[in-house]
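In mature numbering (1 follows the signal peptide of the UniProt record, and there is no 0), the protein residues as written are -20 to -1, 1 to 121. For each residue, glycine too, the CB sits at the ideal point set by N, CA and C. Working notes, structure below.
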C-alpha cells in the first residue's frame, strides 16, 4: 500500500528523469552527458593552468591524451541530482554479493544494471520528496 502511494506521488509531482545516454541529456542543465565528470576538488590551480597551456599548444596533442583520466561518468539525472557510474557500479557489486549469499549466482548483468539503476532513481525521488516535506510517514492502526 505504501509503495503504491509513493509511486503515485512520484509519478504526479516530479518531472521525469532523463537517462544520460539519451539525446535529450545534453539539454538538461546545459551539461554534456557524454563527457566524464572531472574531480574538481583534487585539481589545483597550477594543474588547470598547465592543462590549458598544453591544450593551446599544437605539439602537445599526444601528451594531452596521456594526462586525461576518466574519473566518473553521468548515468542518470534525477531532478537536480546526478547518478554516476561509480555509484551504480558500487550498488551493483553490493546487490551481486547479496544475491550470492542467497545462493543466486546466475544473474544477467544488463538486467541487474537496469534494476539497480531504477532502484537508485526511485530512492533519489523518495529522498527529494522527503526533503521537500511532501513525503510524510504515517502509522496505520
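Along the beta strand (DSSP E) that carries residue 55, what are the first and last residues, could you check? Within the chain shown, residue 55 is the residue found at index 75, counting from 1. 54 to 58 is the extent of the beta strand (DSSP E) around residue 55.
How many Å lie between residue 77 and residue 90 at the Cα? For this step, residue 77 is matched to residue 97 along the chain shown. For this step, residue 90 is matched to residue 110 along the chain shown. Cα to Cα, residue 77 sits roughly 16 angstroms from residue 90.
Between the C-alpha atoms of residue 85 and residue 75, what's the straight-line distance to the nearest angstrom? For this step, residue 85 is matched to residue 105 along the chain shown. For this step, residue 75 is matched to residue 95 along the chain shown. Using only the alpha carbons, I get a separation of about 11 angstroms.
Just to confirm, are residue 55 and residue 64 a CB contact at a threshold of 8 angstroms? Along the chain shown, read from residue 1 onward, the residue named residue 55 stands at position 75. Along the chain shown, read from residue 1 onward, the residue named residue 64 stands at position 84. The answer is yes: Cβ separation under 8 angstroms.
Can you tell me the Cα-Cα spacing of residue 79 and residue 113, whole angstroms? Along the chain shown, read from residue 1 onward, the residue named residue 79 stands at position 99. Along the chain shown, read from residue 1 onward, the residue named residue 113 stands at position 133. If you take the alpha carbons of residue 79 and residue 113, they lie about 34 angstroms apart.
Spatial neighbours of residue 93 within its chain, please: C-beta separation below 8 angstroms, excluding the five flanking residues on both sides. One-based indexing of the chain shown puts residue 93 at position 113. Only 68 and 72 meet the Cβ criterion.
Outcome for residue 104 when other beta-carbon atoms lying within 10 angstroms are tallied against a minimum of 16: The residue given as residue 104 occupies position 124 in the chain shown. The residue in question, residue 104, is buried, as its Cβ has 16 or more Cβ neighbours within 10 Å.
Span separating the alpha-carbon of residue 62 from that of residue 53: The sequence position of residue 62 within the chain shown is 82, counting from 1. The sequence position of residue 53 within the chain shown is 73, counting from 1. Distance between the alpha carbons of residue 62 and residue 53: 10 angstroms.
Considering only residues of the same chain and omitting the five flanking positions on each side of residue 107, which have a CB-CB separation below 8 angstroms? Looking up residue 107 in the chain shown gives position 127. Closer than 8 angstroms at Cβ, skipping near neighbours: no residue.
Cα-Cα separation, residue 82 to residue 51: Counting from one through the chain shown, the residue named residue 82 turns up at place 102. Counting from one through the chain shown, the residue named residue 51 turns up at place 71. The straight-line gap from Cα to Cα measures roughly 33 angstroms.
From residue 58 to residue 97, what does the alpha carbon distance come to, in whole angstroms? The residue you call residue 58 lines up with position 78 of the chain shown. The residue you call residue 97 lines up with position 117 of the chain shown. Taking the straight line from one Cα to the other gives about 11 angstroms.
What's the C-alpha gap between residue 87 and residue 111? The count along the chain shown starts at 1 and reaches residue 87 at position 107. The count along the chain shown starts at 1 and reaches residue 111 at position 131. Cα-Cα distance, rounded: 35 angstroms.
Residue 101, enclosing beta strand (DSSP E) - first and last residue: Position 121 of the chain shown, counting from 1, holds the residue named residue 101. Unbroken run through residue 101 is the alpha helix (DSSP H), 89 to 112; no beta strand (DSSP E).
Reduced DSSP category for residue 75 - H, G, I as helix; E, B as strand; rest coil: The sequence position of residue 75 within the chain shown is 95, counting from 1. It is helical.
Straight-line CA distance for residue 109 to residue 60? The count along the chain shown starts at 1 and reaches residue 109 at position 129. The count along the chain shown starts at 1 and reaches residue 60 at position 80. Between residue 109 and residue 60, the C-alpha separation is close to 13 angstroms.
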